[in-house]
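*Asks:* Dropping a structure here in structure tokens format, bear with me for questions.
Protein chains: 2
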Amino acid sequence: MPAGTGPHVLRRINVVTVLTALREGGPQRVADLVTATGLSRPAVSRAIDTLRAEGWAEDADQRSGAGGEIRVGRPAAVIRFRSEAGHVLGADVGPHKILAMVSDLAGNVIAERREDTHRLRGGEEVLRALLRITTDVLAEAGVPAGDVLSAAIGSPGLVDTKTGTVTLAPSIPGWASIPVAAELRSLLACPLSVHNDVNLAVLAERWRGTATEADDLVFVQWGARVGAGIMIDGRLLRGTNAAAGEIGFLDLAEHRGPDGPHIVTRDTMGPFERQVGASAIIELALAEAERQGDARLRELMLRARPHDDVAALFDAASAGSALAESIVDQIAARFARGLAAACLLLDPELIVIGGGVSRAGARLLTVVERHLRRRTLVRPRLALSSLGDTAVALGATRSALDDVERRHLSPDALGASR
Amino acid sequence: MPAGTGPHVLRRINVVTVLTALREGGPQRVADLVTATGLSRPAVSRAIDTLRAEGWAEDADQRSGAGGEIRVGRPAAVIRFRSEAGHVLGADVGPHKILAMVSDLAGNVIAERREDTHRLRGGEEVLRALLRITTDVLAEAGVPAGDVLSAAIGSPGLVDTKTGTVTLAPSIPGWASIPVAAELRSLLACPLSVHNDVNLAVLAERWRGTATEADDLVFVQWGARVGAGIMIDGRLLRGTNAAAGEIGFLDLAEHRGPDGPHIVTRDTMGPFERQVGASAIIELALAEAERQGDARLRELMLRARPHDDVAALFDAASAGSALAESIVDQIAARFARGLAAACLLLDPELIVIGGGVSRAGARLLTVVERHLRRRTLVRPRLALSSLGDTAVALGATRSALDDVERRHLSPDALGASR
DNA sequence: TTAGTTACGAACGATACGTTACTAAATATC
DNA sequence: GATATTTAGTAACGTATCGTTCGTAACTAA
Numbered sequence: 006m007p008a009g010t011g012p013h014v015l016r017r018i019n020v021v022t023v024l025t026a027l028r029e030g031g032p033q034r035v036a037d038l039v040t041a042t043g044l045s046r047p048a049v050s051r052a053i054d055t056l057r058a059e060g061w062a063e064d065a066d067q068r069s070g071a072g073g074e075i076r077v078g079r080p081a082a083v084i085r086f087r088s089e090a091g092h093v094l095g096a097d098v099g100p101h102k103i104l105a106m107v108s109d110l111a112g113n114v115i116a117e118r119r120e121d122t123h124r125l126r127g128g129e130e131v132l133r134a135l136l137r138i139t140t141d142v143l144a145e146a147g148v149p150a151g152d153v154l155s156a157a158i159g160s161p162g163l164v165d166t167k168t169g170t171v172t173l174a175p176s177i178p179g180w181a182s183i184p185v186a187a188e189l190r191s192l193l194a195c196p197l198s199v200h201n202d203v204n205l206a207v208l209a210e211r212w213r214g215t216a217t218e219a220d221d222l223v224f225v226q227w228g229a230r231v232g233a234g235i236m237i238d239g240r241l242l243r244g245t246n247a248a249a250g251e252i253g254f255l256d257l258a259e260h261r262g263p264d265g266p267h268i269v270t271r272d273t274m275g276p277f278e279r280q281v282g283a284s285a286i287i288e289l290a291l292a293e294a295e296r297q298g299d300a301r302l303r304e305l306m307l308r309a310r311p312h313d314d315v316a317a318l319f320d321a322a323s324a325g326s327a328l329a330e331s332i333v334d335q336i337a338a339r340f341a342r343g344l345a346a347a348c349l350l351l352d353p354e355l356i357v358i359g360g361g362v363s364r365a366g367a368r369l370l371t372v373v374e375r376h377l378r379r380r381t382l383v384r385p386r387l388a389l390s391s392l393g394d395t396a397v398a399l400g401a402t403r404s405a406l407d408d409v410e411r412r413h414l415s416p417d418a419l420g421a422s423r
Numbered sequence: 006m007p008a009g010t011g012p013h014v015l016r017r018i019n020v021v022t023v024l025t026a027l028r029e030g031g032p033q034r035v036a037d038l039v040t041a042t043g044l045s046r047p048a049v050s051r052a053i054d055t056l057r058a059e060g061w062a063e064d065a066d067q068r069s070g071a072g073g074e075i076r077v078g079r080p081a082a083v084i085r086f087r088s089e090a091g092h093v094l095g096a097d098v099g100p101h102k103i104l105a106m107v108s109d110l111a112g113n114v115i116a117e118r119r120e121d122t123h124r125l126r127g128g129e130e131v132l133r134a135l136l137r138i139t140t141d142v143l144a145e146a147g148v149p150a151g152d153v154l155s156a157a158i159g160s161p162g163l164v165d166t167k168t169g170t171v172t173l174a175p176s177i178p179g180w181a182s183i184p185v186a187a188e189l190r191s192l193l194a195c196p197l198s199v200h201n202d203v204n205l206a207v208l209a210e211r212w213r214g215t216a217t218e219a220d221d222l223v224f225v226q227w228g229a230r231v232g233a234g235i236m237i238d239g240r241l242l243r244g245t246n247a248a249a250g251e252i253g254f255l256d257l258a259e260h261r262g263p264d265g266p267h268i269v270t271r272d273t274m275g276p277f278e279r280q281v282g283a284s285a286i287i288e289l290a291l292a293e294a295e296r297q298g299d300a301r302l303r304e305l306m307l308r309a310r311p312h313d314d315v316a317a318l319f320d321a322a323s324a325g326s327a328l329a330e331s332i333v334d335q336i337a338a339r340f341a342r343g344l345a346a347a348c349l350l351l352d353p354e355l356i357v358i359g360g361g362v363s364r365a366g367a368r369l370l371t372v373v374e375r376h377l378r379r380r381t382l383v384r385p386r387l388a389l390s391s392l393g394d395t396a397v398a399l400g401a402t403r404s405a406l407d408d409v410e411r412r413h414l415s416p417d418a419l420g421a422s423r
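Sequence order for the protein chains is A and B.
Mapping of the first sequence onto my numbering: position 266 corresponds to residue 271, and the numbering continues sequentially without gaps.
Mapping of the second sequence onto my numbering: position 172 corresponds to residue 177, and the numbering continues sequentially without gaps.
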């Protein structure tokens, strides 16, 4: 087996070129692939032979192709990427639910399973639930475990991507330090990676969300806690210690404890989260309602408090409560200060806001934008996440697909056997 | 000329492989290149022939090679990258000086010229000085203008990289909106780009400074104004509007004007700069000296004020003045808050501090680090810039070299003629 | 049934690589 | 001065790839 660079390398390059064109252009004729790749027809033909032999391509049904035009002459065979040649697993282990999905290589979700985690006690139970759901979703999809080419898991907290364990996850008691990757390897023989949930969400936003085409992108998770996923040049920014995007720990207001400034630690919530997180919003609204003697808003907020359900406040603002509106304005102003830091440092094209608070809707966006404008030199677009609570699982799927592309559909891998 | 992928592409790839090995490994024998590239000897020979014909390589003097061992048998011919095959120009148009340098393709600085800009009045004069210095430094290097393959200019302020004009440069009166690139094109027929000075400094730090090997890197310019250059994965983060790293506009203390929060604009200094910039340091020291009745420090600061020369304060602190020391501590605490924002968002491996204030030395670094520690989740290394005021020009050189590598020394370009 | 159109595949020449073997060159050692 | 040693260069051969060209297959329409 020659190690150097010979004609076979050329072959691989061209095979991948054809495969890429096939995957991006959908089912198409040989002639289409010829123009798409710039290769000659025999070269494309040979490449297709290879792809067929390795199971990546096959002839599609004649009529399914992009025909429809003048049907004269010998009908062209339509070649199709066999997206069912392999599958990936993407899962989201969150504070409220576990969501796992199986997708094919084109990213079509074949099956998904979801389970509330409220009554689960301890990380061991969460892990067992994850294993069970994984088995179930694979069965539902009809995919044997051996056909899974890659898997990715999203989890809140800090994640050691190398070992595949969660280092710290305050929102899921007992979840940290469980060897998730190792445990799942008993089910799946494929490569498996664990990632921070917000980082996966930003992948999903760019893949299937509001952010298609944006290369410089910040996704802000705004819920009980606040975190950001950052994408630069279409690549995820993880940071040296996998701790990039920890916007929740920004200290914008010079909080002071009894002895000097507040010390930031991982075990507690950060200063910024305490200012704009869901519970901070409720508490502010409650305090203001009491101060202003607004019994109705006070009642609403008391009812919302157990679940930190901020929707009630935004509904009140929409319904015309001037007090609620002013509270929303205050919150937006605080939030904008944190966003401004990200804008000044990163100058992103787009900021997508997700998480529980973002469900307040476009109204909140407008107010935040107004405050942001006076704090930054540039004006990035703002948008709400459109993916809901599937963002993390979708991002995990995308991450697994990326892994498959690197390992199976790249020049280094393809045709290496022959 | 076939557009597709054929054996000739293979050829180019291998020629570039050999060239890269030659450039990275220094002058070496053919046998060394064979092991370095994994190609066969005939293939390497052919590639060298091509490189020789195109002027990129030649035989070196026998003894200059990495010999020194047993000198038995036919002495090996040593092949050398002809770093003199082309040159690049890097220039820094700063508030105090213009510095231009000519380097060969290996990055060796052949000649440099520097000129104070204090007595220059208006952007037109600065431009004329730049053109003159450019001509001079080329003459001194003995490089005809036609041999310059690429040029890059660094300027403070905001730069439109596409058109090559400076949009805003408060520190050089009249400099903005002068079409620098267009004017220089009358001297140089090569591609020419204009960049923000701090962005170039971060390139230089990674190339020749303290930051070699660090892929995630922040360079903070701490002088009269404050800005940052950000490198992620070894690539410069410019931002969608070329406005990334504007750390000087961070508003950490909730400054309030008469009607609401301060509005950030490009024409003025940013909130963070006003807190920790050189003049803020002097003013703080002066106020404290008066408040505490320290006549000596007051005198020192009054003398330092015209040029915002902060060295005097740090000297006093080193000399044992408790008051000066406490002022340094206050400044470091403020500065650490801004750094913390960058750390939380980016999680860099290393932060390099440059600019006038950084000349205070390692002492300042230690204090900043102490304050930073309690504000971040991770602890990046801190370092002082070792490049002094040549950083921007060196970075411009590096940027021009990158351009040459892309345009002349890549598979797309090399051997395209034959 | 025939003509026209389109797609596919085989044959050919050009070019590249790797392997192998041989020659040429330059120096040290005897 | 002859020999051994080490390296570079070159030529021949086999293999593999590409692009070009041309013949054949398949299908529609008259």
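Using N, Cα and C, we set each Cβ at its ideal position, and we do this for glycine too.
#1: What residues from the stretch 47 to 63 of chain A come within 9 Å of chain B, judged by C-beta to C-beta, listed N to C?
#2: Just to confirm, is the Cβ distance from A:Leu27 to A:Leu15 under 8 Å?
#3: Buried or exposed for B:Asp417, please, with buried defined as at least 16 other CB atoms from any protein chain shown within 10 angstroms of its CB.
#4: Taking CB distances under 8 Å as the criterion, tell me whether B:Phe224 reaches chain A.
#5: Can you name, in chain order, every residue of its own chain whose Cβ lies under 7 Å from the Cβ of A:Ala321, other than the five neighbours on each side?
#6: Let me confirm a value: B:Ala300 is counted as buried when at least 16 other C-beta atoms fall within 10 Å, else exposed. Which label applies?
#7: Any idea what DSSP makes of A:Thr25, helix, strand or coil?
#8: Is the CB of A:Arg34 under 8 Å away from at least one CB in chain B?
#9: I'd like the ranges of any beta strand (DSSP E) spanning at least 3 consecutive residues and lying wholly in the stretch 95 to 173 of chain A.
#10: Verify the CB distance criterion: does A:Ile332 have a CB-CB separation below 8 Å to chain B?
#11: Checking contacts by CB at 8 Å: is A:Asn204 closer than that to chain B?
#12: If the cut is a Cβ gap below 7 Å, which residues of chain A does B:Phe340 touch?
#13: If A:Ala105 sits next to A:Glu117, beta carbons under 8 Å apart, how far is it from one beta carbon to the other, in whole angstroms?
#14: For A:Pro7, count neighbouring C-beta atoms within 10 Å of its own C-beta (all shown protein chains included) and say buried if the count is 16 or more, exposed if not.
#15: Taking C-beta to C-beta, are B:Leu192 and B:Leu154 nearer than 8 Å?
#16: Alpha carbon to alpha carbon, how far is B:Phe277 from A:Ile268? Give it in angstroms, no decimals.
#17: For A:Val77, count neighbouring Cβ atoms within 10 angstroms of its own Cβ and tell me buried if that reaches 16, exposed if not.
#18: Between A:Thr170, A:Gly43 and A:Val372, which lies nearest to B:Thr10 when the distance is taken from Cα to Cα?
#19: Round the Cβ separation of B:Met274 and B:Arg230 to the nearest angstrom and send it over; I've been treating them as touching at under 8 Å.
#20: Can the beta-carbon of B:Ala209 be found closer than 8 Å to that of B:Leu351?
#21: Under 9 Å between beta-carbons, which chain A residues line up against B:Arg17? List them in chain order, please.
#22: Leaving out five residues before and five after A:Ala341 in sequence, what residues of the same chain have Cβ atoms less than 7 Å from its Cβ?
#23: Report the neighbours of A:Val14 on chain B: residues whose CB is nearer than 9 Å to its CB, in chain order.
#24: Taking the C-alpha atoms as reference points, what is the distance between B:Gly60 and B:Thr170?
#25: Determine the direct distance from the alpha carbon of A:Leu255 to that of B:Ala345, and round the result to whole angstroms.
#26: For chain A, is any of its Cβ atoms less than 8 Å away from the one on B:Leu255?
#27: Name, please, each residue of chain B whose Cβ falls closer than 8 Å to the Cβ of A:Arg271.
#28: Step through the CB atoms of chain B and report whether any lies within less than 8 Å of the CB of A:Val409.
#29: Please report the Cβ distance between B:Leu173 and B:Arg271, rounded to the nearest whole angstrom; I am assuming they are in contact, meaning their Cβ atoms lie under 8 Å.
#30: Unbroken alpha helix (DSSP H) runs of length 4 or more, entirely within the stretch 11 to 61 of chain A: which are they?
#31: Please report the straight-line C-alpha distance between B:Glu354 and B:Arg386, rounded to a whole angstrom.
#32: Contact defined as beta carbons within less than 8 Å: I believe A:Leu389 pairs with A:Ser363. What is the distance between those atoms, to the nearest angstrom?
#33: Note down, in chain order, each residue of its chain lying with its Cβ closer than 6 Å to the Cβ of B:Pro175, except the 5 sequence neighbours on either side.
#34: Just the Cα atoms here: how many angstroms apart are B:Val93 and B:Ile103?
#35: Taking beta-carbon pairs under 8 Å, can you tell me which members of the stretch 209 to 221 of chain B lie near chain A?
#36: So with Cβ pairs under 8 Å, would you call A:Ala111 a contact of chain B?
*Replies:* Based on what the coordinates show:
#1: Ala48
#2: As a first step, residue 27 of chain A must be located in the first sequence, where it is residue number 22. As a first step, residue 15 of chain A must be located in the first sequence, where it is residue number 10. No, the Cβ-Cβ distance between A:Leu27 and A:Leu15 is not below 8 Å.
#3: What you label residue 417 of chain B is simply residue 412 of the second sequence in a count that begins at 1. The residue is exposed, with fewer than 16 neighbouring Cβ atoms inside 10 Å.
#4: As a first step, residue 224 of chain B must be located in the second sequence, where it is residue number 219. No, because no Cβ of chain A sits closer than 8 Å to the Cβ of B:Phe224.
#5: On the first sequence, residue 321 of chain A is found 316 positions in, with the first residue counted as 1. Within the same chain, A:Ala321 has close Cβ partners Leu302, Leu305 and Ala329.
#6: One-based indexing of the second sequence puts residue 300 of chain B at position 295. So B:Ala300 counts as exposed.
#7: Within the first sequence, the letter at position 20 stands for residue 25 of chain A. It is helical.
#8: Numbered from 1 along the first sequence, position 29 holds the residue referred to as residue 34 of chain A. Answer no: the Cβ-Cβ gap between A:Arg34 and chain B never drops below 8 Å.
#9: 102 to 109, 114 to 121, 153 to 160, 163 to 165 and 170 to 173
#10: Indexing the first sequence from 1 puts residue 332 of chain A at position 327. No - not a single Cβ of chain B is within 8 Å of the one on A:Ile332.
#11: Residue mapping note: residue 204 of chain A aligns to position 199 of the first sequence, counting from 1. Closer than 8 Å: no.
#12: As a first step, residue 340 of chain B must be located in the second sequence, where it is residue number 335. Neighbours of B:Phe340 on chain A: none; closest Cβ ~13 Å, over 7 Å.
#13: Sequence index remark: in the first sequence, residue 105 of chain A carries index 100 (1-based). Sequence index remark: in the first sequence, residue 117 of chain A carries index 112 (1-based). Yes, they are in contact, since the Cβ atoms of A:Ala105 and A:Glu117 sit about 7 Å apart, within 8 Å.
#14: For the purposes of this step, residue 7 of chain A is taken as the residue at position 2 of the first sequence. Bear in mind that a pLDDT of 37 at A:Pro7, under 50, signals an unreliable position, so the number given afterwards is only what the model happens to contain. Under this definition A:Pro7 is an exposed residue.
#15: Here residue 192 of chain B refers to the residue found at position 187 when the second sequence is read from its first residue. Here residue 154 of chain B refers to the residue found at position 149 when the second sequence is read from its first residue. Cβ atoms of B:Leu192 and B:Leu154: not closer than 8 Å.
#16: As a position in the first sequence, residue 268 of chain A is number 263, starting the count at 1. As a position in the second sequence, residue 277 of chain B is number 272, starting the count at 1. Their backbone Cα atoms lie some 21 Å apart in a straight line.
#17: By 1-based counting over the first sequence, the position of residue 77 of chain A is 72. Result: exposed.
#18: Taking the second sequence and counting its residues from 1, the one referred to as residue 10 of chain B is at position 5. It is A:Gly43.
#19: Looking up residue 274 of chain B in the second sequence gives position 269. Looking up residue 230 of chain B in the second sequence gives position 225. Their Cβ separation, rounded to whole angstroms, is 7 Å, which keeps B:Met274 and B:Arg230 in contact under 8 Å.
#20: The sequence position of residue 209 of chain B within the second sequence is 204, counting from 1. The sequence position of residue 351 of chain B within the second sequence is 346, counting from 1. Contact flag unset, no.
#21: The residue given as residue 17 of chain B occupies position 12 in the second sequence. Correct list: empty, because the minimum Cβ distance to chain A is about 11 Å.
#22: Translated into positions along the first sequence, residue 341 of chain A becomes position 336. Taken in chain order, the residues that qualify are Val373, His376, Leu377 and Arg380.
#23: Mapped onto the first sequence, residue 14 of chain A falls at position 9. Within chain B, the residues near A:Val14 are Leu15 and Ile18.
#24: Residue numbering aside, residue 60 of chain B sits at position 55 when the second sequence is read from its first letter. Residue numbering aside, residue 170 of chain B sits at position 165 when the second sequence is read from its first letter. Approximately 34 Å, taken between the alpha carbons.
#25: Here residue 345 of chain B corresponds to residue number 340 of the second sequence, with the count starting at 1. Here residue 255 of chain A corresponds to residue number 250 of the first sequence, with the count starting at 1. When rounded, the distance between both Cα atoms is 8 Å.
#26: Position 250 of the second sequence, counting from 1, holds the residue named residue 255 of chain B. Yes, contact with chain A.
#27: Residue numbering aside, residue 271 of chain A sits at position 266 when the first sequence is read from its first letter. Those within 8 Å of A:Arg271 in chain B are Leu382.
#28: As a first step, residue 409 of chain A is located in the first sequence; it is residue number 404 there, counting from the start. So, not an interface residue.
#29: Residue mapping note: residue 173 of chain B aligns to position 168 of the second sequence, counting from 1. Residue mapping note: residue 271 of chain B aligns to position 266 of the second sequence, counting from 1. Right, their Cβ atoms sit about 5 Å apart.
#30: 12 to 30, 35 to 42 and 46 to 59
#31: Sequence index remark: in the second sequence, residue 354 of chain B carries index 349 (1-based). Sequence index remark: in the second sequence, residue 386 of chain B carries index 381 (1-based). Roughly 6 Å separates the two Cα atoms.
#32: Counting from 1 along the first sequence, the entry for residue 389 of chain A is found at position 384. Counting from 1 along the first sequence, the entry for residue 363 of chain A is found at position 358. Sure, about 5 Å apart at Cβ, within 8 Å.
#33: Indexing the second sequence from 1 puts residue 175 of chain B at position 170. Cβ neighbours of B:Pro175 beyond the five flanking positions: none.
#34: For the purposes of this step, residue 93 of chain B is taken as the residue at position 88 of the second sequence. For the purposes of this step, residue 103 of chain B is taken as the residue at position 98 of the second sequence. Their backbone Cα atoms lie some 17 Å apart in a straight line.
#35: Asp221
#36: Here the question's residue 111 of chain A lines up with position 106 in the first sequence. For A:Ala111, the answer is no, since every Cβ of chain B falls outside 8 Å of its Cβ.
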